[in-house]
Structure formats: structure tokens, C-alpha cells
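Residue numbers (the working numbering): 969 to 1066.
The C-beta atom is built at its ideal place from N, Cα and C for all residues, glycine as well.
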Ligand SMILES: [Zn+2]
């Protein structure tokens, strides 16, 4: 995560830089942070630059913790296997979970 955050702070808009810094701060103080706002801002800006049609300001909730992504998937992001609550990858795809 560090490289993209560093790049945003160099090339991002003022808003994106603030959001990236907030993400980095939350990550270091709480070991977790939400990327939702930053992703929304990046998407809007990039789509505009690329002359793509605007999309609704909605994005799947995405939250990073130290070593894994928390989302509200009900199925494994790799194989589609049904998951227990709070997981995003099943134990078959991630043997560390067992
Ligand atoms: Zn799986």
C-alpha cells in the first residue's frame, strides 16, 4: 500500500492528498483505515480525465487492516466459495486461515 499512497501524494489533487494522508495516519494509529473516500475521489478524477461517462458515487465498502482487506463479501474473492462473516477469502484459497 505504501507506493500508491506515496504516488497519490505526489500526483493527486489536493483532496486526494488529504485523503491519502488521512489513510496513512489511520493506518499507523489504528492499524486499519478506510479507502472508500480516496477510491471514490480517484475514480471520479480519472474517469473525467479519460472522458468516461460519470458513474454514481457509490463504491463497495473497502477497509484495509494490517494484512488483509475487509469487505462485506459473502463469497470468496478468488473461487466464489461461501464464506463466514468477516472473511473475504476462503480457507482453501488462503491456507493460513485454518
Ligand atoms: Zn476460495
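Pairing residue 1055 with residue 1044, the inter-Cα distance amounts to about 8 Å. Look at residue 1046 here: in three-state DSSP terms it is coil, with no helix or strand label. Shown here for residue 992: same chain residues with a beta carbon closer than 6 Å to its own, the five before and five after excluded, namely 973 in chain order. In the three-state reduction of the DSSP assignment, residue 984 falls in the helix class.
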